[in-house]
Amino acid sequence: MLTVLLLALAGTTEAPVDAQKPFVLGDLVARTWMVGRWRGEVRTDDGYTRIWELTRTADGTFETNFCIACGTAAERHLVEYGRWGVSGPVYFTITEGWIGNGRRNPVDPNDESLYDAYYIVEAKGDSMTYRNAATGNEFTIRREAQNH
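Everything in the sequence shown is counted per the working numbering, starting at 2 for the first residue and increasing by one.
Spelled out as structure tokens, the structure:
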């Protein structure tokens with residue numbers, strides 16, 4: 002029986018894969034386009050507004066300033082930092098910590114909530130829409146003016 006299974010598996014045809022990851026110009030173009038300052042705003046299911054200002058740099062790092070429950074007595078601010086990238090239609094972030102009192106505070110890299118993958122829904126002009134692969138939540142951000 003094992004011989005028959007091995008012979009059947011040996012006969013499967015799969016397309017050969019590249020020995021090394023090929024250079025993809027589209028990924029480079031997307032990364033270059035995504036660098037800069039961006040701003041997003043959403044209404045949360047509890048009725049509050051969440052605003053975030055995201056700065057992505059060419060070296061693959063990011064910093065995001067969040068305003069949660071903006072304009073209310075419950076308003077809170079949070080600054081996260083980490084790494085970002087893009088591969089094909091996927092944009093991803095790895096949050097490495099948060100900033101408080103002018104200090105970087107690393108977080109536990111085993112915390113799965115710090116790793117996010119997003120499908121890029123649309124990227125054109127000064128706007129980008131992306132959907133969280135795990136939750137399905139969709140976000141739109143707009144590029145900020147350079148002197149902002």
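Just so you know, even glycine gets a beta-carbon here, dropped at the ideal spot from N, CA and C.
Keep in mind that this is a model prediction, so the values were computed, not measured.
Asked: For the stretch 53-80, list the beta strand (DSSP E) runs that are entirely contained and at least 3 residues long, ordered along the chain.; Found: 62-69
Asked: Taking the beta strand (DSSP E) that G101 falls in, what are its first and last residues?; Found: V91 to G101
Asked: State yes or no: is the C-beta of T136 within less than 7 Å of the C-beta of D117?; Found: no
Asked: Hey, how far is the Cα of N133 from the Cα of Y120?; Found: 6 Å
Asked: If you draw a straight line from the C-alpha of Y147 to the C-alpha of D127, how long is it?; Found: Looking at the sequence shown, residue 147 is not Tyr but Gln. Their backbone Cα atoms lie some 12 Å apart in a straight line.
Asked: Kindly identify the DSSP beta-bridge partner or partners of A135.; Found: Paired residue(s): none; A135 is not in a bridge.
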